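**Q** Sharing a structure here in structure tokens format.
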Amino acid sequence: MKMKKFGLIAALLVSMLLVFWGCSDKKEDGTATPDAGGKTAGATMLVSTPKPTATAAPEETSSGVEYVDLITDNENLFFSASSTEAAGTENALLPDYCFDGDLDTRWSSLFYDTEEGWICVEFGYPVIINGVYLNENTNWGNVTMWDAQYYSESQQDWVTVYEGAEMYPDEYYEFDSNTEETYRFRLVFRGCTGLAVTLNEIEVFGQFVEVETGTPVRTPAPLEGQIVPDGLTNVALNQTYAASSIEAEGTEDALGPELCFDENNETRWSTIFGDLYEAWISIEFQNPVTISGFVVNEVKNWGYVTSYSAQIWENNEWKTVYEGEEFSKDMDIYIPLENDVTTTQFRLLFHDGQTLSETVSISEIKVYGK
Numbered sequence: 003m004k005m006k007k008f009g010l011i012a013a014l015l016v017s018m019l020l021v022f023w024g025c026s027d028k029k030e031d032g033t034a035t036p037d038a039g040g041k042t043a044g045a046t047m048l049v050s051t052p053k054p055t056a057t058a059a060p061e062e063t064s065s066g067v068e069y070v071d072l073i074t075d076n077e078n079l080f081f082s083a084s085s086t087e088a089a090g091t092e093n094a095l096l097p098d099y100c101f102d103g104d105l106d107t108r109w110s111s112l113f114y115d116t117e118e119g120w121i122c123v124e125f126g127y128p129v130i131i132n133g134v135y136l137n138e139n140t141n142w143g144n145v146t147m148w149d150a151q152y153y154s155e156s157q158q159d160w161v162t163v164y165e166g167a168e169m170y171p172d173e174y175y176e177f178d179s180n181t182e183e184t185y186r187f188r189l190v191f192r193g194c195t196g197l198a199v200t201l202n203e204i205e206v207f208g209q210f211v212e213v214e215t216g217t218p219v220r221t222p223a224p225l226e227g228q229i230v231p232d233g234l235t236n237v238a239l240n241q242t243y244a245a246s247s248i249e250a251e252g253t254e255d256a257l258g259p260e261l262c263f264d265e266n267n268e269t270r271w272s273t274i275f276g277d278l279y280e281a282w283i284s285i286e287f288q289n290p291v292t293i294s295g296f297v298v299n300e301v302k303n304w305g306y307v308t309s310y311s312a313q314i315w316e317n318n319e320w321k322t323v324y325e326g327e328e329f330s331k332d333m334d335i336y337i338p339l340e341n342d343v344t345t346t347q348f349r350l351l352f353h354d355g356q357t358l359s360e361t362v363s364i365s366e367i368k369v370y371g372k
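Encoded structure:
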């Protein structure tokens, strides 16, 4: 009996020594990442393929680099999307929510913006990107095809680095090769089983590129079409407004036409249900003005206009000076007239649209001239 006990004790001691020996062999497995506090622009960072977990100090992988979180605690980020549900309202589901580290918030596109829609993050300092984690909200459908792209400064064009099908929350989508140094990264959606694309969180991993001390943050340039020609002002402010109909007219919740001219994209004018075809909104100026162009920020939550005319009052009748189809999903896109026109009234006349409620809803109209 004593020999058996002695044998058991000896075996136990040997096992413990083997476990201790194995644990002390500190082989680098590529899972460690730098301390989050060291993630600042201009720092020389190390970069790893598995999803990192913060440690006190970086440990090199077998390749000598380790990928780090490029989003968390980075104050020099700018977000945009092809469209945003409830844009211009306090309930807007902004693209920012995809990068806030909170799985309870989400970005959502507008209905029908499921093919060629996109969400983008721009970095204030250059980065090299290795891959992403994606957390899709699949309550109302799921993406069936998507691309990961970066903007090539050398080619001045978007370059696809990954083509995906469905999105899985615990999968790291590593690119075949890292991006070149870039400031912009986006996901482009090619198909979806729902009416809109909605994501809870996007995590981007890579390296920060070392920059000289004092290098200024690069901010996004205005979109093509957002620049208004010099010398023009918004002549639509503080004028008299009218519309074909007003949602909730006569109540404190009325969405009147004046809300299109208050320089506030969180307010809006809306027609009543069914007032889409030949609906209109107009401005009567206190004095004659010369108009060069205009801006329309449409609220596309419930649909959108597909055909409209811009008209001026001339010789006691309305004269069409511009004919358009859809309004841009981007805000504040300037639409120039072919020629300057002088008038005392201006209106938008809506002919058709793709909408469930047969309404028109606009957050802001700006008329530029002198």
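So the numbering used here is basically just the index in the sequence shown, starting at one, shifted up by 2.
C-beta: ideal position from N, C-alpha, C; glycine also.
Treat the numbers as computed from the prediction; the structure is a model and nothing was measured.
Under DSSP, the beta strand (DSSP E) around Gln209 begins and ends at which residues?
**A** 200 to 210
**Q** Could you check what DSSP says for Pro222 in three-state terms: helix, strand or coil?
**A** The answer is coil: DSSP assigns Pro222 none of H, G, I, E or B.
**Q** Within 10 Å of its beta-carbon, does Asp172 have 16 or more other beta-carbons around it, so buried, or fewer, so exposed?
**A** exposed
**Q** Quick one: what does DSSP say Leu339 is sitting in, helix, strand or coil?
**A** strand
**Q** Starting from Lys189, follow its DSSP beta bridges and name the residues at the other end.
**A** Before going on, a small fix: residue 189 reads as Leu here, not Lys. DSSP, once it has assigned bridges, lists Ile121, Ala150 as partnering Leu189.
**Q** Quick one, are the C-beta atoms of Thr200 and Asn139 less than 8 Å apart?
**A** yes
**Q** Rounded to whole angstroms, what's the CA-CA distance from Leu257 to Phe263? Just pull it up for me.
**A** Here the alpha carbon of Leu257 sits roughly 12 Å from the alpha carbon of Phe263.
**Q** Just how far apart, CA to CA, sit Val161 and Glu360?
**A** 39 Å
**Q** Below 8 Å, how does it come out for the region 92 to 109 and the region 143 to 153: are there three or more Cβ pairs, yes or no?
**A** no
**Q** Less than 8 Å between the beta carbons of Val190 and Val134, yes or no?
**A** no
**Q** Kindly indicate the opening and closing residues of the beta strand (DSSP E) around Phe296.
**A** 281 to 300
**Q** Taking Arg188 as the reference, give the member of Leu358, Val298, Glu124 with the closest Cα.
**A** Glu124
**Q** If you draw a straight line from the alpha carbon of Gly305 to that of Thr322, how long is it in whole angstroms?
**A** 24 Å
**Q** Under a three-way DSSP split, which group does Leu261 fall into?
**A** helix
**Q** With a threshold of 6 Å on Cβ separation, who are the neighbours of Ile73 within its own chain once the five nearest residues in sequence on each side are excluded?
**A** Here the set comprises Phe101, Val206.
**Q** So if DSSP puts Ile367 in a beta bridge, which residue, or which two residues, is it bridged to?
**A** The bridge partners DSSP lists for Ile367 are Val298.
**Q** Check each candidate in Ser179, Arg192, Val67 and name the one with the smallest Cα separation from Ile121.
**A** Arg192
**Q** Out of Asn267, Ser247, Thr253, Gly252, point me to the one whose CA is closest to Pro259's CA.
**A** The residue with the shortest Cα to Cα distance from Pro259 is Ser247.
**Q** Which class does Tyr310 belong to by DSSP, given the choice of helix, strand or coil?
**A** strand
**Q** At a cut-off of 7 Å, would you count Asn144 as near the ligand GDP, judging by its Cβ distance to the nearest heavy atom?
**A** As presented, the structure is devoid of all ligands, the ligand GDP included, so that no description of it is given.
**Q** Residues in its own chain within less than 7 Å of Ala238 by CB, not counting five upstream and five downstream?
**A** Phe263, Ile285, Ile367, Lys368, Val369
**Q** For Ser330 versus Leu234, is the C-beta spacing smaller than 8 Å?
**A** no
**Q** Look at the alpha carbon of Gly126 and the alpha carbon of Leu225, and state the distance between them as a whole number of angstroms.
**A** 17 Å
**Q** Spatial neighbours of Glu327 within its chain, please: C-beta separation below 7 Å, excluding the five flanking residues on both sides.
**A** Taking C-beta separations shorter than 7 Å and ignoring five residues to either side along the sequence, the partners of Glu327 in its chain run Thr308, Ser309, following chain order.
**Q** Based on the DSSP output, what are the partners of Gly126 in its beta bridges?
**A** For Gly126, which the question treats as bridged, DSSP gives no partner whatsoever.
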